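In our numbering, the protein residues as written are 1 to 262.
Below you can see the structure in the form of structure tokens.
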């Protein structure tokens, strides 16, 4: 049994991106891992995944019914038996040292249950679009969690018992953010490695889904509101509240300016 399972949800992936994703896993300096792909596409996609030659084992899971992202992630977690579970999306790229660095970090810091990293945003042709920094220490992650999502979801690695302690992904638009807030409220200690371990592909967002995402995000901030770090939490609620009432084109400019503070 591999020590790490790399959990990859898949739905009609871009084959060029998927190949690049698998190549980045093949280039890992750490070798004790498997890939667990939960695919909700079609048989042709499964055949394509099987045709990619890899030096690591690949487990492909086909749900009997459409589960969506949260359901696929939960099924993948339940189907894995590894000590650590790492997340990755089909269009993202791991740096060669990613898995090794995160395993070493979790081994050296037993009080940390989940670790992510900084990410370099990339475009359609792998062009660099800017560095995305995330808070590093557990205390800083907790402080900033009411303002924005403090973790890059496809960069994380967590211990298997994280889900036993804090629960599975919920059926939310912001399924990862809800899980972090829930875990933090119950005392979880999270961390980020202050190095770029992931190339994070940014595609044009679906304008129709953006208002739903921000409404969901506002509800989560209110639901998991805590009185510590009050100014940051109030600012986060105000920002997301603004996103729900202004036109997406105008809010996009506000958000980009605000996001430069990260």
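Every residue, glycine too, gets a C-beta built ideally from N, C-alpha and C.
In this text the structure is predicted, and so the values were computed from the model without any measurement.
- Under the DSSP assignment, residue 138 falls in the alpha helix (DSSP H) whose first and last residues are 138-144.
- Its chain contains 105, 106, 138, 189, 190 and 191 as the residues whose beta carbon lies nearer than 8 Å to that of residue 112, once the 5 sequence neighbours on both sides are disregarded; these appear in chain order.
- Contact between residue 21 and residue 93 is confirmed by a C-beta separation of about 6 Å, below the 8 Å threshold.
- Closest by C-alpha distance to residue 37, out of 198, 11 and 97, is 11.
- Judged by DSSP secondary structure, residue 200 falls within the beta strand (DSSP E) whose first and last residues are 190-201.
- The beta carbon of residue 13 lies closer than 6 Å to those of 90 in the same chain, with the five residues before and after it left out.
- Shown here for residue 27: same chain residues with a beta carbon closer than 7 Å to its own, the five before and five after excluded, namely 96 in chain order.
- Counting along the chain, the unbroken alpha helix (DSSP H) around residue 79 starts and ends at 68-79.
- Annotated three-state conformation of residue 102 is helix, per DSSP.
- If you ignore the 5 residues before and after residue 178, its C-beta comes within less than 6 Å of the C-beta of 170, 172 and 220, all in its own chain and listed in chain order.
- Taking residue 197 as the centre and dropping the five residues before and after it, the same chain places the C-beta of 94, 95, 97, 98, 101, 102, 117, 118, 119 and 155 closer than 8 Å to its C-beta, in chain order.
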